[in-house]
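When we follow the numbering used here, the leftmost residue of the sequence shown carries the number 2, and every step to the right adds one. Glycine included, each C-beta is placed from N, C-alpha and C at the ideal position. Just so it is clear, the structure is predicted and the values come from calculations on it, not from any experiment.
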Amino acid sequence: MNNSSLPTIAILGAGPVGLEAALYARYLGYPVQIYERSDVAAHVRRWGHVGMFTPFQMNSSPLGLAAITAQYPERSAAPPDTLMTGKQWIDNYLQPLADTDLLRGKIHCHTEVIAISRIGGLKTDTPGNPSRAEQPFRILFKDAEGKPQSSNAEIVIDTTGVFANPNWLGPGGAPACGEIELRDQICYEIPDPLDQDQGLYRDKHTLVVGGGYSAATTITALAELQTQFPQTRITWVTRQPVSTGSNGPLQEIPNDPLEQRSRLTQAANQLTT
C-alpha cells in the first residue's frame, strides 16, 4: 500500500534494474510509476537468444523471488545455479515479477518520455541552489495512444541503460567516416546467426568490431556457422592490439568463478590462433 506522506518516484525503463528499483520502492510504501517506451524487458528480448554466463542467483533478488512466490505459490523458482538465455530470464523472472500485485498497474508500456523539468523554474534559474530540489519534476510523455500527457514526481530514477546507445566505431567512440550514413547496414547488437539471422550471415564475410564478451559471443556463433557453411568468412577487429604473451584479444581471468565466461573467453581466443 502506498504511503501518501512519501514522495512519488518516477522510474524510466521497465528493464531488470527498473523493475527491481520499483519493487523495493513499493515494498517500502513509496508511490511508484514506471514509464517504458516499449515492453517489459524490451532490451533483454533483443538478446533473448544469448546465454548468460552468470547463474540465476546473480540475476534475481530475494525480494523479487518472494514477490513471485507470494503471487504464484504453485510456481517453482529455478535452481540458483541455472544458466539461462535472455528469453528464459524473462519467462522465469522478469515478466512474472512485472505481473505481481506490487508492480501491476504501475508499469506504463509503450509510453515515451519526451522531457523532464522542474516545475518551479527553468534550467538556468537558481543553479546549485538547494531550493530547486523543493520543486517537483514534471514528466511530459506520450501515452500508448500517442497522446501527450504529463505527471509529477518528487524523485526520478533513470534506468533506461545503455543498450540502445552502443559505441560508434571510430576513434574515441565517435562515428567512423561514413558510419552515420551506413548505420542501417551495421548490426550494433548480438545477432543470431545460427537461427533467425542465419540468412544474413551464411556464406558471407562478416567484420566483427569489438574486444568484449558481446564480440566473443558473436565470433563463436559465426565460427559454428562456418562449420555448417564453409564459405562463411569472419574478420575480428579490436581497438587494442593483442598484448605479447596473451592468448588472444580477450584477457583471461585467473580462476574465473564464472565457468561459462571462462569457456567463452577461451573459445573466442582459440579462434584467433
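message: Nearest by alpha-carbon distance to L103: which of G200, T218 and A22 is it?
response: Taking the sequence shown and counting its residues from 1, the one referred to as residue 103 is at position 102. Looking at the Cα atoms, A22 is the closest of the given residues.
- request: Can you give me the start and stop residues for the alpha helix (DSSP H) that Q1 sits inside?
  value: As displayed, the chain neither begins before 2 nor continues past 274, which places residue 1 out of reach and without an answer.
- request: Check T273 in the structure and name its three-state DSSP category.
  value: Taking the sequence shown and counting its residues from 1, one reaches residue 273 at position 272. When secondary structure is reduced to three states using DSSP, T273 falls in the coil class, being assigned neither helix nor strand.
- prompt: CA-CA distance, S244 and T101?
  reply: Within the sequence shown, residue 244 is the residue found at index 243, counting from 1. Within the sequence shown, residue 101 is the residue found at index 100, counting from 1. For S244 and T101, the distance between alpha carbons rounds to 49 Å.
message: I need the DSSP call for F57, collapsed to helix, strand or coil.
response: To locate residue 57, count along the sequence shown from 1; it is residue 56. F57: helix per DSSP, three-state reduction.
Assigned secondary structure, Y31 (DSSP; H/G/I helix, E/B strand, else coil): Looking up residue 31 in the sequence shown gives position 30. Y31 sits in coil when the DSSP states are folded into three classes, being neither helix nor strand.
field: Alpha carbon of T219 to alpha carbon of R264, nearest angstrom
entry: As a working note, residue 219 is residue 218 in the sequence shown. As a working note, residue 264 is residue 263 in the sequence shown. Straight-line measurement puts the Cα of R264 at about 14 Å from the Cα of T219.
Where A15 falls, given that 16 or more other Cβ within 10 Å makes a residue buried: Here residue 15 refers to the residue found at position 14 when the sequence shown is read from its first residue. With 16 or more Cβ atoms within 10 Å of its Cβ, A15 is classed as buried.
- prompt: When we look at the beta-carbon of E37 and count the other beta-carbons within 10 Å, is it buried (16 or more) or exposed?
  reply: Taking the sequence shown and counting its residues from 1, one reaches residue 37 at position 36. By the 10 Å Cβ count, E37 comes out buried.
- prompt: Curious, which full-length beta strand (DSSP E) runs of at least 3 residues does the stretch 159-240 contain?
  reply: The beta strand (DSSP E) runs lying completely inside the stretch 159-240 and spanning 3 residues or more are 206-210 and 234-238, given in chain order.
query: Are there 16 or more other CB atoms within 10 angstroms of the CB of A68, so buried, or fewer, so exposed?
result: On the sequence shown, position 67 is the one that residue 68 refers to. When all chains shown are included, A68 counts as buried.
- request: Could you check if F230 is buried or exposed, using at least 16 other CB atoms within 10 Å of its CB as the buried criterion?
  value: Against the sequence shown, residue 230 aligns to sequence position 229. A residue is called buried once 16 or more other Cβ atoms fall within 10 Å of its Cβ, and F230, having fewer, is exposed.
- request: Kindly give me the distance between the Cβ atoms of W90 and V51, rounded to whole angstroms, as I take these residues to be in contact under 8 Å.
  value: The residue labelled residue 90 in the question sits at position 89 within the sequence shown. The residue labelled residue 51 in the question sits at position 50 within the sequence shown. Between W90 and V51, the beta carbon gap of about 10 Å keeps them out of contact (Cβ cut-off 8 Å).
task: Starting from P131, follow the beta strand (DSSP E) in both directions and report where the run begins and ends.
output: Along the sequence shown, one-based indexing puts residue 131 at 130. For P131, there is no enclosing beta strand (DSSP E), as DSSP marks it with neither H nor E.
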